[in-house]
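2 protein chains.
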Amino acid sequence: MPLTIAKLAEAGGVGVETIRFYQRRGLIDVPPRPEGSGLSGGVRRYGDGDVRRLRFIRSAQKAGFTLEEIAELLRLDAENDRRRARQLADARILALDQKIAELQAAKTALGRLAQACAHGPDGPCPILDAFTTE
Amino acid sequence: MPLTIAKLAEAGGVGVETIRFYQRRGLIDVPPRPEGSGLSGGVRRYGDGDVRRLRFIRSAQKAGFTLEEIAELLRLDAENDRRRARQLADARILALDQKIAELQAAKTALGRLAQACAHGPDGPCPILDAFTTE
DNA sequence: ATAGCCTCCGTACCATGATACGGAGTCAAG
DNA sequence: CTTGACTCCGTATCATGGTACGGAGGCTAT
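Shown next as structure tokens:
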């Protein structure tokens, strides 16, 4: 079931321009243009592998990997380089732990602020001190 | 204890250019140049209030607020607009909840991947499926 | 066989949050 | 009273991750 670039984009929940952007960055392959009726060849077709890669890219971004790191991960997958893959995963897990803790702290602080600012028209609502660790 | 811009930057853990950038964005006040000996006035001086604002900016960024939102928060603090402050805080808390859940899911997936890729030179290490929900 | 939509590709532009540069002015120490 | 560090300010540049434009060509249905 070959897909046009628009269908691939749709399957991945991104725009066509984003696919092309990923191709420029080496994240998605540029398949050969098939021999078509015209002079410059036909329209490129994409397969399930491309959809899979595209979905991986989106998930890896949510995990906080940069596009450059994602490009590396895709290479590692092809080369089956487990050592480096583990390295990257472990490093990201550490970073995620830190980030999660940071966000949780921020959430707590904001909860305190919202609470304080909810009580009547006066009383304390010290936005500037919202993140001051007491 | 008035500070030069370099000292203010240092106190906030940012660069001088970042302070100027924040000033352009309305996040940090530009104090008047004092009457100096020269033609164009003296060097601007900053106070503890500026340090406090600067620290707030950094923390609010960690909480995921954009600089534009932070600018608004600073205005709200000055105006004591509790309703809007609460609104922004509550919205951010919701977004943080989502983000935290997303990062936690990513962390779990990466943990699985690292585990799988650790076992010997062969066996599965399917990077591309790392985030595939089974 | 032609209209209308899609593809291809290069290039330009965007938002966010900085970071750098350079010339003129200021200031403090020796 | 000069030297060296710092300030001021406008403007330029950067990194990241896209998004848009436009002309030439390909594809498909009528």
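First to last, the protein sequences are chains A and B.
Going by my numbering, the first sequence opens with residue 998, and the numbers climb by one from there.
Going by my numbering, the second sequence opens with residue 998, and the numbers climb by one from there.
For every residue, glycine included, the Cβ atom is placed at its ideal position computed from N, Cα and C.
Measure from the C-beta of residue i to each C-beta in chain B and report whether the shortest distance is under 8 angstroms.
{"i": "Asp1087 (chain A)", "result": "yes"}
{"i": "Gln1101 (chain A)", "result": "yes"}
{"i": "Asp1026 (chain A)", "result": "no"}
{"i": "Ala1008 (chain A)", "result": "no"}
{"i": "Arg1049 (chain A)", "result": "yes"}
{"i": "Arg1079 (chain A)", "result": "yes"}
{"i": "Ser1215 (chain A)", "result": "Examination of residue 1215 (chain A) is not possible in this model, given that chain A is present from 998 through 1131 alone."}
{"i": "Leu1000 (chain A)", "result": "no"}
{"i": "Leu1064 (chain A)", "result": "no"}
Can residue i and residue j be called in contact, C-beta distance under 8 angstroms?
{"i": "Ala1086 (chain B)", "j": "Leu1110 (chain A)", "result": "yes"}
{"i": "Leu1073 (chain B)", "j": "Ala1082 (chain B)", "result": "yes"}
{"i": "Pro1028 (chain A)", "j": "Arg1049 (chain A)", "result": "no"}
{"i": "Ile1054 (chain A)", "j": "Leu1024 (chain A)", "result": "yes"}
{"i": "Pro999 (chain A)", "j": "Gly1044 (chain A)", "result": "yes"}
{"i": "Pro1057 (chain B)", "j": "Ile1067 (chain B)", "result": "Looking at the sequence itself, residue 1057 (chain B) is Ala, so the reference to Pro does not match. A contact, by the Cβ cut-off of 8 angstroms."}
Kindly say whether residue i, judged by its beta-carbon, lies nearer than 8 angstroms to any beta-carbon of chain A.
{"i": "Lys1004 (chain B)", "result": "no"}
{"i": "Ser1037 (chain B)", "result": "no"}
{"i": "Arg1083 (chain B)", "result": "yes"}
{"i": "Asp1074 (chain B)", "result": "yes"}
{"i": "Ile1132 (chain B)", "result": "Nothing can be reported for residue 1132 (chain B), as the shown portion of chain B is limited to 998 through 1131."}
{"i": "Arg1030 (chain B)", "result": "no"}
{"i": "Ala1068 (chain B)", "result": "no"}
{"i": "Leu1110 (chain B)", "result": "yes"}
Going by DSSP in three states, residue i sits in which element: helix, strand or coil?
{"i": "Leu1000 (chain A)", "result": "strand"}
{"i": "Ala1127 (chain A)", "result": "coil"}
{"i": "Val1013 (chain B)", "result": "helix"}
{"i": "Leu1024 (chain B)", "result": "coil"}
{"i": "Arg1072 (chain B)", "result": "helix"}
{"i": "Phe1062 (chain A)", "result": "coil"}
For residue i and residue j, I'd like the C-alpha separation in whole angstroms.
{"i": "Glu1099 (chain B)", "j": "Leu1036 (chain B)", "result": "57 angstroms"}
{"i": "Leu1064 (chain A)", "j": "Arg1052 (chain A)", "result": "13 angstroms"}
{"i": "Arg1017 (chain B)", "j": "Asp1026 (chain B)", "result": "10 angstroms"}
{"i": "Gly1046 (chain B)", "j": "Ile1097 (chain B)", "result": "32 angstroms"}
{"i": "Leu1107 (chain A)", "j": "Gly1120 (chain B)", "result": "46 angstroms"}
{"i": "Gly1061 (chain A)", "j": "Leu1005 (chain B)", "result": "31 angstroms"}
{"i": "Arg1089 (chain A)", "j": "Glu1032 (chain B)", "result": "53 angstroms"}
{"i": "Arg1021 (chain A)", "j": "Thr1015 (chain A)", "result": "10 angstroms"}
{"i": "Cys1175 (chain B)", "j": "Glu1007 (chain A)", "result": "Any question about residue 1175 (chain B) goes unanswered here, given that chain B covers just 998 to 1131."}
{"i": "Gly1012 (chain A)", "j": "Arg1080 (chain A)", "result": "34 angstroms"}
{"i": "Asn1077 (chain A)", "j": "Lys1104 (chain B)", "result": "21 angstroms"}
{"i": "Ala1101 (chain B)", "j": "Cys1122 (chain B)", "result": "Checking the displayed sequence, the identity of residue 1101 (chain B) turns out to be Gln instead of Ala. When rounded, the distance between both Cα atoms is 21 angstroms."}
{"i": "Thr1130 (chain A)", "j": "Arg1030 (chain A)", "result": "60 angstroms"}
{"i": "Leu1071 (chain A)", "j": "His1116 (chain A)", "result": "52 angstroms"}
{"i": "Lys1059 (chain A)", "j": "Ser1034 (chain B)", "result": "55 angstroms"}
If you follow the alpha helix (DSSP H) that residue i is part of, which residue opens it and which one closes it?
{"i": "Phe1053 (chain B)", "result": "Asp1045 to Lys1059"}
{"i": "Ile1097 (chain B)", "result": "Arg1079 to Ala1115"}
{"i": "Leu1036 (chain B)", "result": "Counting along the chain, Leu1036 (chain B) falls outside any alpha helix (DSSP H), and DSSP gives it neither H nor E."}
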